[in-house]
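Quick note, the sequence shown lines up with residues 65 to 307 if you use our numbering.
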Amino acid sequence: MHLTADLHIHTVSSGHAYSTVLEIAGAARDKGLEMVAITDHGPAMPGGPHPYYFGNLRAIPREICGVRILRGAELNVIDREGNLDLSLDRVCQLDIVLAGLHEYCFPDGSVEENTRGMIAAMRNPFVDIVVHPGNPEFKIDPAKIVRAATELGIAIEVNNSSLTTCRFGSATRCREIMTLAKQYGTLLSVGSDSHIALTVGELSAARELLKTAGVPAEQVLNTSGARTEQYLAQRRAKRPPQR
65 MHLTADLHIH
75 TVSSGHAYST
85 VLEIAGAARD
95 KGLEMVAITD
105 HGPAMPGGPH
115 PYYFGNLRAI
125 PREICGVRIL
135 RGAELNVIDR
145 EGNLDLSLDR
155 VCQLDIVLAG
165 LHEYCFPDGS
175 VEENTRGMIA
185 AMRNPFVDIV
195 VHPGNPEFKI
205 DPAKIVRAAT
215 ELGIAIEVNN
225 SSLTTCRFGS
235 ATRCREIMTL
245 AKQYGTLLSV
255 GSDSHIALTV
265 GELSAARELL
275 KTAGVPAEQV
285 LNTSGARTEQ
295 YLAQRRAKRP
305 PQR
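Laid out in structure tokens, this is it:
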């Protein structure tokens, strides 16, 4: 499966990542990517950027080093009602919004409570992709998550870092989620979750998981920039009008 975009990348602005936007764009060009999403952590993450940072993402050109740049964020789900850690006026300015459960930001609870929080975030029309649902730190009901994502038409992430360098123990649940996603025809997104330019576009473990599960390319956003753009346009069309 050929992947042309990396939709989950952090810059130095996340507080615990180590490369600039320019370095990331150069790395993406060298990897042959046509698109990347700059998705720094939301303000609730320790060391995360101030909300003003997200409002000023408009300073980043739409294309750098010949690579299409999506201005985005990886926001934190902060409660079981699916609320996020960035105000709506900032969120509305973003090209792409990832959301997930993170340590220090979400009050870990029972399987039912964690599942409810993740599904509530999926129901937020301003969220485009739910990230690293395979994280074993937060116990969830994978079947309920995948069914909800399918019904809501929202993409679930296959996070390469969860299979390689962090969130150890994710592989088993990730395999289960991929099996369910294939069964239900759920939309999927692939992200490196890169925190340094050297790992931009590192999607091989996620690609192998998709192959093993037999997920067709038609379910994966990253197989073309046009498909990614079309999906994001459809998500924006579902958002309520803002003043």
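Just so it is clear, CB atoms sit at the ideal spot from N, CA and C, and this is done for glycine as well. All of these numbers come straight from a predicted model, not from anything done at the bench.
- Apart from sequence neighbours up to five positions away, the residues of its chain that approach Ile-193 with a beta-carbon distance below 6 Å are Leu-162, Ala-219, Glu-221 and Ser-253, ordered along the chain.
- The DSSP assignment places 160-164 as complete runs of the beta strand (DSSP E) inside the segment 139-175, in order along the chain (cut-off: 3 residues).
- With distances taken between CA atoms, Arg-132 lies nearest to Leu-71 out of Tyr-117, Leu-71 and Thr-243.
- Beta-bridge annotation (DSSP): Val-210 is not paired with any residue.
- Rounded to whole angstroms, the gap between the alpha carbons of Val-155 and Ala-123 is 16 Å.
- Check the Cα spacing between Asn-188 and each of Asp-257, Arg-300, Ala-69 and Ser-288: the tightest is with Arg-300.
- It is roughly 14 Å from the alpha-carbon of Tyr-248 to the alpha-carbon of Leu-274.
- Distances from the alpha-carbon of Glu-138 to those of Asp-104, Arg-93, Asp-153 and Arg-271 put Asp-104 closest.
- Looking only at Ile-128, His-80, Gly-79 and Arg-144, the smallest Cα-Cα distance to Val-100 is reached by Ile-128.
- Between His-80 and His-259, the gap from beta carbon to beta carbon is short of 8 Å.
- Here Tyr-117 has Ser-77 and Asp-104 as same chain residues with Cβ atoms under 8 Å from its own Cβ, once five neighbours each way along the sequence are excluded.
- For Met-109, there is no enclosing beta strand (DSSP E), as DSSP gives it neither H nor E.
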